[in-house]
Each structure stands twice: as structure tokens, then as C-alpha cells.
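**Student:** The structure that follows is given in the form of C-alpha cells.
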Amino acid sequence: MSQRRTLILIAAIAIGALASFLVWNYVGGIQDQAYNDAERVKVYLVKAPIPRGTSGQVAAASIVEESIPKKFKPANAIVNLEDISGRVAKSDLVANQVVVDDMFVEASDPEAAQSFADNLIKIQNQDQTTYTMNVDSVRGVNGLIVPGDYVNVMITNYSAATGGADDASGGGTVSAEQARFLYQKVQVLAVDYLTAADVNAAAAETTPDGAPVGTPEVQKGLITLIVPPEAAQILLSVPAENLYLTLVSKDYEPRPTGEADLSTLPSDNAKVLTPYGPDGAKSTN
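Read left to right, the sequence shown gives residues 83 to 367 (my numbering).
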């Protein structure tokens, strides 16, 4: 009987030891996996939005090196910014995305081509289209307009007996001696073939030695505006030679101006005197 108890005790100890070993091994495996997953590894993270079609060299300015837990690192994450050199963004990239290899493709890839129509997003919940006009240096602000600017469109020497421009300018005929605002604060999509994105990308581009490439040369004759379809109809109903552009700031607030009164010259009116009122263009500082 004593020998039987001894065998049972030995067997119990052996089973206990085996169970302890298995539990220790299992827990150790979980710990190793946890430590391995918690290990932080280097990735490249988008810190600011990058538009589709942006070159890798320009996009690099909006990408930072970061470390994240190993388990979150995509298998195709880039390991160096050189991996996107000579390529362009395939789609719009947003902040906090880990940069992976297939986000950038060859510039010849049609998926990366940026369309002018991509700029025609809804404004005030209205669909937008374009109106292009050919202006000389006088009517086109001496070539100072660049994509992304805002302009006031003025009309001179035009009579619209059937409506159209009259409705847009507040009614009445525009005489040869007077000018009226047809539209105020109209957004410029492109100058010649260049958009704001093209100009900004070129300005950020650098040569291999780090020198700025500068903005591309623009002929500045063709101005393309972003307008609703109804406004495009009105603009196209007016002869281009009767239109005149004036540049305004992004903070400009449109307001009704009424018909220009030339019966008394502004400088003869004590309440006017200068374009800025009787106090002139004084600094408010």
C-alpha cells in the first residue's frame, strides 16, 4: 500500500511539473509576442495633405519620419524617401497616413494625372463650370493675375436690350462713359494652362543642390474663371472687349456699388476727395 502511494505521489509530481512547464512556456510565448508587437519601428508619415499628381520631391516636404508599434507597420511601407523620388502621388493623401510604396507611381501612369476638372468642386452647393477670356495687359491687370486669385469683372460700353448682362449688373445700359461691375470676387482657375497647384508645386520644387526652381513662365493672355453655368452664359453673352478685370484680395467683401456718378468729380466732393475717403489711405497701426 505504501509503495502504491509513493507511485501515485511521483506521478502527481511529474504531471504537476509538466503542467508547470507547459504553462510557463505558453505565458513566455505570449510575452515574447507582446514584446515583439510593442517594438517600435521607423515609418514615414504624411503630416500635411498631398494632392494627387504631386512629385515625390515636393511631397517629401509634407512627410516626416515617425515610429509606430511594429504590428501596425504595413508590409509595403517605404523605408526611405528615395523610394518615392521620381514618382508622383497616385491619389490625394491625408495627414497621418503611413506612406506605402503603391501610393506613388510613375509620372506617366494615367491614374496619377491631375485633371483641371478636379478643381471644379461645388461652391455654395452649386456646380461650377469655366469661362475663358483672352485679355490684353491693360484689361488683364498687366499680367499680375495668377491662378487662385480673385478678380472683379467690370463691363464698359455695352447695351443689353434683351437682358442678360443688365440683370447681372443691376439693370440699365452701360454707357461708353461709365463702367459697372458685372460680377465681383470671381475665382481664377487657371492662367493659360497653369493652375494654382501647378504654380505652388513649381515654387516648392528644388534642384538637386537644393536651389529653388521657381514658378513656371506664364503667357498671361488667357484667363479661365470658375463660375456657375448661369454666370458663364451671361459672361459669354458680353463681347470680351467690353470686359475689364480688376484684382482683389482674398478678404475682399463684395457689395452693391450702384452706377458710377460722373456728374461731380470725386475730388470736388469734401466727403470723398480720395479713393479711400477724406482721410486718405492712412495706416491704422
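All residues carry an ideal CB built from backbone N, CA and C; glycine is no exception.
Quick check on Ser137: does DSSP put it in helix, strand or coil?
**Tutor:** Position 55 of the sequence shown, counted from the first residue, corresponds to residue 137. Here Ser137 sits in strand by DSSP.
**Student:** To the nearest angstrom, report how far apart Lys129 and Ser137 are at their CA atoms.
**Tutor:** Translated into positions along the sequence shown, residue 129 becomes position 47. Translated into positions along the sequence shown, residue 137 becomes position 55. Cα to Cα, the separation comes out at about 16 Å.
**Student:** List the endpoints of the continuous alpha helix (DSSP H) containing Thr311.
**Tutor:** Position 229 of the sequence shown, counted from the start, is the residue given in the question as residue 311. A quick correction: the sequence has Pro, not Thr, at residue 311. From DSSP, the alpha helix (DSSP H) with Pro311 extends over Pro311 to Leu318.
**Student:** Look at the alpha carbon of Gly222 and the alpha carbon of Ile237, and state the distance between them as a whole number of angstroms.
**Tutor:** In the sequence shown, residue 222 corresponds to position 140, counting from 1. In the sequence shown, residue 237 corresponds to position 155, counting from 1. Answer to the nearest angstrom: the Cα atoms are 13 Å apart.
**Student:** Would you kindly check if the distance between the Cβ of Val125 and the Cβ of Val180 is under 8 Å?
**Tutor:** Taking the sequence shown and counting its residues from 1, one reaches residue 180 at position 98. Taking the sequence shown and counting its residues from 1, one reaches residue 125 at position 43. Against a cut-off of 8 Å, the Cβ pair of Val125 and Val180 comes out as a contact.
**Student:** Do you know how far the Cα of Val220 is from the Cα of Gln139?
**Tutor:** Taking the sequence shown and counting its residues from 1, the one referred to as residue 139 is at position 57. Taking the sequence shown and counting its residues from 1, the one referred to as residue 220 is at position 138. Going from the Cα of Gln139 to the Cα of Val220 covers about 38 Å.
**Student:** For Tyr265, which residues in the same chain have their Cβ closer than 6 Å to its Cβ, ignoring the five residues on either side in sequence?
**Tutor:** Sequence index remark: in the sequence shown, residue 265 carries index 183 (1-based). Taken in chain order, the residues that qualify are Val235.
**Student:** When you compare the CB positions of Val309 and Val270, do they come within less than 8 Å of one another, or not?
**Tutor:** If you number the sequence shown from 1, residue 309 lands on position 227. If you number the sequence shown from 1, residue 270 lands on position 188. Result no, Cβ atoms of Val309 and Val270 do not sit closer than 8 Å.
**Student:** To which residues of the same chain is Ile150 closer than 6 Å at the C-beta, ignoring the five residues directly before and after it?
**Tutor:** On the sequence shown, residue 150 is found 68 positions in, with the first residue counted as 1. Around Ile150: Val125.
**Student:** Which residue marks the beginning of the beta strand (DSSP E) containing Ala171, and which one marks its end?
**Tutor:** In the sequence shown, residue 171 corresponds to position 89, counting from 1. Segment Arg169 to Ala171, the beta strand (DSSP E) holding Ala171.
**Student:** Since Ser216 and Leu329 are thought to touch, with beta carbons under 8 Å apart, how far apart are those beta carbons, to the nearest angstrom?
**Tutor:** In the sequence shown, residue 216 corresponds to position 134, counting from 1. In the sequence shown, residue 329 corresponds to position 247, counting from 1. It is Asn, not Ser, that sits at residue 216 in the sequence shown. About 18 Å; that fails the 8 Å criterion.
**Student:** Could you name the residues of the same chain whose beta carbon sits closer than 8 Å to that of Ile227, not counting the 5 residues immediately before and after it, in chain order?
**Tutor:** As a position in the sequence shown, residue 227 is number 145, starting the count at 1. Val233, Val270, Val273, Lys302, Ile305, Leu327 and Leu329.
**Student:** DSSP state of Ala199, grouped into three classes?
**Tutor:** Your numbering for residue 199 matches position 117 in the sequence shown. Helix at Ala199.
**Student:** Any idea which residues DSSP pairs Met185 with across the strands?
**Tutor:** Working through the sequence shown from its first residue, we reach residue 185 at position 103. Note: Met185 sits in no beta bridge, so no partner.
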